[in-house]
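Those protein sequences? They're chains X and Z, same order as listed.
So the first sequence is residues 3 to 377, counted in our numbering.
So the second sequence is residues 3 to 377, counted in our numbering.
Here is the structure we will look at, set down as structure tokens.
There are 2 protein chains.
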Amino acid sequence: MRAFPPGRAPVDEAGERDWLRLARSARVGPVAFAELMRRYPTARSALDALPGLAARGGGKRPVQLADEGAVAREYDAAQAAGARMLALGGDAYPSNLAQVEASPPFLWCLGDAAVVRPEAVAIVGARNASALGMRFTDTLARGLGAKGFAIVSGLARGIDAAAHKAALETGTVAVLAGGVDSMWPPQNADLYDMIREKGAILSERPMGYNGRARDFPRRNRLVSGLARGIVVAEGAERSGSLITARFAGEQGRDVMAVPGSPLDPRAGGCNLLIREGATLVRHAGDVMEALSPLEARGRAREPEDETWEPAVEEDDARMRATLLDLLGPHPTPVDEIVRRSGASPGFVSLVLLELELAGRLHREAGGGVALVEAG
Amino acid sequence: MRAFPPGRAPVDEAGERDWLRLARSARVGPVAFAELMRRYPTARSALDALPGLAARGGGKRPVQLADEGAVAREYDAAQAAGARMLALGGDAYPSNLAQVEASPPFLWCLGDAAVVRPEAVAIVGARNASALGMRFTDTLARGLGAKGFAIVSGLARGIDAAAHKAALETGTVAVLAGGVDSMWPPQNADLYDMIREKGAILSERPMGYNGRARDFPRRNRLVSGLARGIVVAEGAERSGSLITARFAGEQGRDVMAVPGSPLDPRAGGCNLLIREGATLVRHAGDVMEALSPLEARGRAREPEDETWEPAVEEDDARMRATLLDLLGPHPTPVDEIVRRSGASPGFVSLVLLELELAGRLHREAGGGVALVEAG
């Protein structure tokens with residue numbers, strides 16, 4: 003994802019309300035949000051420009067901005083709950099997460115945002131964890147906490163809960179699939195309270211929203227995105243933890259796994275990950291060793307000092323037609339479209355943004371773009 | 003190790019007795035044995051040449067040939083026990099073992115030598131194995147047996163015994179640290195009888211010799227040398243199995259290990275091996291997959307079609323002095339001596355052989371040679 007210029011993040015309540023409304027508007031995904039903030043100095047000016055951009059993209063119906071009343075209710079609920087907005091581009095936004103593809107425009111944060119630090123490791127695993135797995139997770143999380151690492155997890159039963167609990171005093175971050183005020187599961191109510199007290203609870207979802215199973219993958223990508231590496235402490239061969247680990251690898255995160263007997267199905271996913279190249283973890287030292295090179299990689303991925311495009315560019319109807327011809331129902335990397343069209347990257351991303359806001363373009367995980375089939 | 007020409011292995015009892023006597027003679031290690039058999043058509047002619055070679059190497063005392071009576075007693079004991087000699091270069095000699103460095107000149111074999119086949123996997127591990135480890139070993143050995151692989155191990159308690167037992171019907175090879183007739187440990191007496199009945203028992207040690215702890219490393223190198231790959235089923239971080247696995251890697255064998263919980267000390271060695279690059283094994287399929295590329299490597303290591311050196315070569319006193327100058331108390335690779343001296347490989351190996359027989363040269367594992375310190 004292309005970064006936007008510094009100084010765009012909101013600095014007051016009005017700015018935060020605009021930021022929230024832009025992020026909650028239809029068709030404004032994380033990539034479109036960032037593209038808009040490259041081109042407009044404030045969320046307010048982007049909101050104003052949205053209808054025109056969508057029309058230029060050929061949208062059949064006027065673009066739907068998020069309902070002002072619903073946005074106001076969400077913002078007020080956050081205030082009432084004591085949740086703070088961590089806006090992309092702002093100082094409090096987690097720096098690890100800012101480096102992944104499609105970083106969320108903001109997160110709601112309950113608790114202490116300072117706990118969300120770059121020295122963070124995710125520990126995830128089975129809900130129906132074994133006593134051995136829970137015990138190992140406890141030892142590992144304590145060991146990493148003692149070395150200054152925050153522990154990130156998903157507040158699920160089993161491994162997640164054991165990891166959070168062990169890291170309460172040294173720093174732990176729970177990422178929820180629902181809103182930060184929508185605690186789940188009920189068994190972890192006390193833990194939720196303790197994390198809100200001593201750690202941080204994060205979510206990109208609306209206040210009051212109850213997460214469902216289909217929200218887990220997005221949540222899991224935040225868990226790994228917030229961390230420098232992810233440890234799967236226990237997990238079967240077909241488990242959510244395994245999928246989480248694979249996405250984490252695509253995010254450039256170090257993937258680690260705790261081995262177990264092949265006769266124990268709960269170790270199946272971990273053993274498979276290790277066979278696929280994940281680092282075998284025996285103790286906190288192995289995790290620290292695996293993380294060292296990632297720091298260098300992280301730095302390499304920081305945005306270069308680039309020239310920010312102006313909001314309005316010379317239009318070119320023929321080049322628009324060329325770009326449309328290069329798009330199809332199958333995802334194409336944006337880089338390839340730039341190369342094959344000969345257009346400037348700025349112009350290509352503007353046209354793609356307009357098409358997306360018009361509901362005609364879909365962005366795939368991995369950075370490819372595809373036309374939405376008419377139907 | 004350089005191979006010797008075909009047709010050297012003994013074909014009758016007299017030949018076998020000479021072969022045994024040459025192998026049991028002082029200073030005739032596996033490399034010297036093979037060098038001798040490159041230069042002399044029979045063990046008898048090599049025995050005859052031995053005193054002269056040692057004298058040319060500067061031996062202070064006349065070379066000690068193995069005592070004829072002791073050799074006769076060993077051979078007769080083997081006959082009485084029903085042991086067969088598998089001589090290096092002969093058809094019955096295990097082809098995997100012929101490819102390693104310093105292959106033993108022969109093995110005594112009790113039972114069915116045909117069980118000793120190239121499709122073989124070694125399974126080793128802790129004597130004080132866990133119930134889980136024993137169960138896994140049983141399943142693994144049965145799985146590999148069903149795929150046609152012979153299981154090689156060391157007849158120890160624990161993992162070794164479980165591996166042999168599971169493979170009795172499909173083919174198992176026990177390698178002893180003592181003579182083939184010196185069963186150890188007593189707990190495995192029944193298993194020993196069953197393997198002699200249905201499988202094969204091998205040793206390079208004299209009949210009647212009781213193996214000791216210091217004989218285990220050599221035995222373990224035979225275990226891995228007989229197999230295409232070695233699986234450590236269970237083993238602590240400082241265990242013999244771990245050392246065995248590392249030597250196996252140096253032999254060019256695929257090293258595999260069965261993972262376990264980091265909280266289980268008996269899995270410590272296996273987890274460490276996996277971190278060091280050993281293949282993580284969950285079932286027989288993983289072993290088969292790991293072995294496939296080794297076959298190709300094995301072929302590549304077969305001796306090339308080379309010109310066999312004549313037994314007598316042009317002597318060159320000045321070159322002998324040069325070679326002595328290149329040798330020292332620290333091991334030097336033979337290749338390097340050839341390169342730096344400019345002498346023919348055949349002449350270099352002759353001089354090294356003479357020095358070894360004279361008691362002035364020591365061969366290190368890995369192929370280096372060093373002068374024995376005068377003292």
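C-beta atoms are modelled at their ideal positions from N, C-alpha and C, and glycine is treated no differently.
Nearest residue (CA-CA) to residue i, options the options
i, options, result
"Ala34(X)", "Leu363(X), Arg240(X) and Ser97(X)", "Leu363(X)"
"Leu352(Z)", "Pro333(Z), Glu199(Z), Gly344(Z) and Arg322(Z)", "Arg322(Z)"
"Cys286(Z)", "Gly231(Z), Val336(Z) and Leu109(Z)", "The sequence given here places Ala at residue 286(Z); Cys does not occur at that position. Among Gly231(Z), Val336(Z) and Leu109(Z), the Cα nearest to that of Ala286(Z) is on Gly231(Z)."
"Ala269(Z)", "Ala72(X), Gly213(X), Gly201(X) and Leu282(X)", "Leu282(X)"
"Gln189(Z)", "Gly370(Z), Ile245(Z) and Arg159(Z)", "Arg159(Z)"
"Arg198(X)", "Ala100(X), Asp327(X), Arg75(X) and Arg86(X)", "Arg86(X)"
"Ala68(Z)", "Lys62(Z), Gly60(Z), Gly61(Z) and Tyr77(Z)", "Tyr77(Z)"
"Tyr95(Z)", "Arg144(Z), Ala11(Z) and Gly213(Z)", "Ala11(Z)"
"Arg46(X)", "Arg63(X), Ala57(X), Ala79(X) and Glu15(X)", "Glu15(X)"
Cβ-based neighbour list, residue i, same chain, cut-off 7 Å, excluding 5 preceding and 5 following
i, result
"Leu55(Z)", "Leu355, Glu356 and Leu359"
"Ala48(Z)", "Leu24, Leu38, Met39 and Tyr42"
"Ala191(Z)", "Met185"
"Asn130(Z)", "Gly160"
Separation of residue j from residue i, as counted between CA atoms
i, j, result
"Leu112(Z)", "Ala83(Z)", "8 Å"
"Ala124(Z)", "Gly180(Z)", "19 Å"
"Asp140(Z)", "Val126(Z)", "12 Å"
"Tyr211(Z)", "Ser184(Z)", "7 Å"
"Pro106(Z)", "Ala122(X)", "55 Å"
"Arg19(X)", "Gly92(X)", "15 Å"
"Ser97(X)", "Met136(X)", "29 Å"
"Leu157(X)", "Ala104(X)", "23 Å"
"Ala116(X)", "Ile153(X)", "13 Å"
"Pro216(Z)", "Ala163(Z)", "The residue you asked about is not Pro; residue 216(Z) is Arg in the sequence shown. About 21 Å."
"Pro347(X)", "Arg207(X)", "31 Å"
"Ser241(Z)", "Phe151(Z)", "26 Å"
"Gly17(Z)", "Pro335(Z)", "33 Å"
"Asp256(X)", "Gly31(X)", "26 Å"
"Gln101(Z)", "Val175(Z)", "18 Å"
"Gly59(Z)", "Leu52(Z)", "11 Å"
"Val13(X)", "Pro7(X)", "15 Å"
"Glu375(Z)", "Gln253(Z)", "28 Å"
"Val233(Z)", "Phe218(X)", "39 Å"
"Leu134(X)", "Leu99(X)", "31 Å"
"Leu193(X)", "Thr246(Z)", "48 Å"
"Arg341(X)", "Val177(X)", "38 Å"
"Arg320(Z)", "Gly251(Z)", "40 Å"
"Glu70(Z)", "Val371(Z)", "30 Å"
"Gln81(Z)", "Met196(Z)", "20 Å"
Outcome for residue i when other beta-carbon atoms lying within 10 angstroms are tallied against a minimum of 16
i, result
"His332(Z)", "exposed"
"Gly9(X)", "exposed"
"Lys167(X)", "buried"
"Gly368(Z)", "exposed"
"Arg221(X)", "buried"
"Arg365(Z)", "buried"
"Glu338(Z)", "exposed"
"Pro261(X)", "buried"
"Gly227(Z)", "buried"
"Asn273(X)", "buried"
"Gly201(X)", "buried"
"Gly173(X)", "buried"
"Arg214(Z)", "exposed"
Own chain partners of residue i with C-beta closer than 6 Å, once the 5 adjacent residues on each side are dropped
i, result
"Ala28(Z)", "Gln66"
"Leu329(Z)", "Leu373"
"Phe249(Z)", "Arg223"
"Ala169(Z)", "Ala143, Gly147 and Ile153"
Whole-number beta carbon distance between residue j and residue i, since they are thought to touch under 8 Å
i, j, result
"Ser263(Z)", "Ala128(Z)", "Not a contact, Cβ separation roughly 15 Å."
"Val73(Z)", "Leu204(Z)", "With a Cβ gap of about 20 Å, Val73(Z) and Leu204(Z) do not count as contacting."
"Ala292(X)", "Gly271(X)", "18 Å between Cβ atoms; not a contact."
"Trp21(Z)", "Ala89(Z)", "6 Å"
"Ala235(X)", "Phe108(X)", "Their Cβ separation, rounded to whole angstroms, is 30 Å, which puts Ala235(X) and Phe108(X) out of contact at 8 Å."
"Met258(Z)", "Val289(Z)", "6 Å"
"Ser155(X)", "Ala148(X)", "About 17 Å separates the two Cβ atoms, so there is no contact after all."
Own chain partners of residue i with C-beta closer than 8 Å, once the 5 adjacent residues on each side are dropped
i, result
"Gly61(X)", "Leu359, Ala360, Gly361 and Arg362"
"Asp266(X)", "Ser132"
"Arg26(Z)", "Ala68, Ala72, Val73, Glu76 and Pro208"
"Asp114(X)", "Lys200, Gly201 and Ala202"
Beta carbon proximity, residue i to chain A, threshold 8 Å
i, result
"Ile232(X)", "Chain labels in this structure do not include chain A; the protein chains are X and Z."
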